[in-house]
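All remarks here apply to the structure that follows.
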Amino acid sequence: MSPAEIAAVQGKLNLRLGPEYIAQRPSPGGGGKLTYVEGWRIIMLANEVFGYNGWSSSIVKLETDFCDVNEEYGTRRVSCGISAMVRVTLKDGTYHEDVGYGTADNLKSKGAALDKAKKEAVTDGVKRALRNFGNLLGLCLYEKQFTQEIIKIKAQPVSHCSF
30 MSPAEIAAVQ
40 GKLNLRLGPE
50 YIAQRPSPGG
60 GGKLTYVEGW
70 RIIMLANEVF
80 GYNGWSSSIV
90 KLETDFCDVN
100 EEYGTRRVSC
110 GISAMVRVTL
120 KDGTYHEDVG
130 YGTADNLKSK
140 GAALDKAKKE
150 AVTDGVKRAL
160 RNFGNLLGLC
170 LYEKQFTQEI
180 IKIKAQPVSH
190 CSF
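With positions in the sequence shown counted from 1, the corresponding number in our numbering is that position plus 29.
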């Protein structure tokens with residue numbers, strides 16, 4: 030990438046997310062809400078910043094932490110937890126890696142539980158690796174003051190297609 034291209038990308042990455050990109054859900058441990066960006070939105074933003082062919086992701090390691098089968102009460106239920114080390118690489122070779130985690134609770138088959146947990150772990154890893162590139166890709170969500178203020182703003186619908 031030329032110095033001008035690098036400056037343009039860095040300028041975009043320094044921007045913070047608008048409220049239309051941010052979602053909230055109850056915290057896993059209870060007591061509060063977790064602020065996050067959905068996986069498809071982060072991928073869409075990465076495509077806008079780097080170009081659809083300007084970045085890629087790869088799974089460095091995928092590990093099943095547990096896969097429990099419970100056959101109580103005459104029904105079979107499977108719960109799994111999987112961790113994924115994911116690398117996001119830009120076209121110039123710059124990369125960031127991070128770990129993601131996924132779970133599946135009480136699914137009817139082992140295949141379905143493993144599939145759900147793997148997808149969740151990889152998506153989480155991609156999101157975490159991308160956030161290392163800058164605010165626009167999720168880094169700003171780790172600033173408590175920012176998240177407290179941005180959730181107060183009413184989000185406007187996002188319109189990206191102009192064709």
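Glycine is no exception: its CB is placed at the ideal position from the N, C-alpha and C atoms.
Please read all numbers here as calculations on a predicted model, not as lab measurements.
(request) Spatial neighbours of residue 95 within its chain, please: CB distance less than 8 Å, with the 5 preceding and 5 following residues excluded, ordered by chain position. (result) In the sequence shown, the residue the question calls residue 95 occupies position 66. Excluding sequence neighbours, residue 95 sits near 108, 109 and 110.
(message) Looking at the strands, I want to know which residues DSSP matches up with residue 84.
(response) Taking the first residue of the sequence shown as 1, we reach residue 84 at position 55. BP columns for residue 84 point to 119.
(message) What does the alpha-carbon distance come out to for the pair residue 78 and residue 116?
(response) Taking the first residue of the sequence shown as position 1, residue 78 is located at position 49. Taking the first residue of the sequence shown as position 1, residue 116 is located at position 87. Answer to the nearest angstrom: the Cα atoms are 17 Å apart.
(request) Check residue 95 in the structure and name its three-state DSSP category. (result) To locate residue 95, count along the sequence shown from 1; it is residue 66. Shown here, residue 95 sits in a strand according to DSSP, grouped into three states.
(request) With a threshold of 16 other CB atoms inside 10 Å of the CB of residue 28, please say whether the residue is buried or exposed. (result) One cannot answer for residue 28 here, as it falls past the ends of the chain, which runs 30 to 192.
(request) Whole angstroms is fine: what's the gap from residue 88's alpha carbon to residue 72's? (result) Here residue 88 corresponds to residue number 59 of the sequence shown, with the count starting at 1. Here residue 72 corresponds to residue number 43 of the sequence shown, with the count starting at 1. Cα to Cα, residue 88 sits roughly 16 Å from residue 72.
(request) With DSSP as the reference, label residue 105 as helix, strand or coil. (result) As a working note, residue 105 is residue 76 in the sequence shown. Reduced to three states, the DSSP call for residue 105 is coil.
(message) Quick check on this structure: which residue in 163, 148, 171 and 161 has the alpha carbon closest to the alpha carbon of residue 68?
(response) Indexing the sequence shown from 1 puts residue 68 at position 39. The shortest Cα separation from residue 68 among 163, 148, 171 and 161 belongs to 148.
(message) Any contact between the segment 164-173 and the segment 36-45? By contact I mean 3 or more CB pairs, one from each, below 8 Å.
(response) yes
(request) Go to residue 66, then tell me how far its beta strand (DSSP E) extends in each direction, as first and last residue. (result) The residue labelled residue 66 in the question sits at position 37 within the sequence shown. Taken as a continuous stretch (DSSP letters only), residue 66 belongs to no beta strand (DSSP E), as it is neither H nor E.
(message) Taking the alpha carbon of residue 84 as the reference point, which residue from 58, 31, 134 and 158 has its own alpha carbon closest?
(response) Residue mapping note: residue 84 aligns to position 55 of the sequence shown, counting from 1. Among 58, 31, 134 and 158, the Cα nearest to that of residue 84 is on 158.
(request) Would you decide whether residue 105 is buried or exposed? Buried here means 16 or more other CB atoms lie within 10 Å of its CB. (result) Taking the first residue of the sequence shown as position 1, residue 105 is located at position 76. Counting Cβ neighbours within 10 Å, residue 105 comes out exposed, since fewer than 16 surround it.
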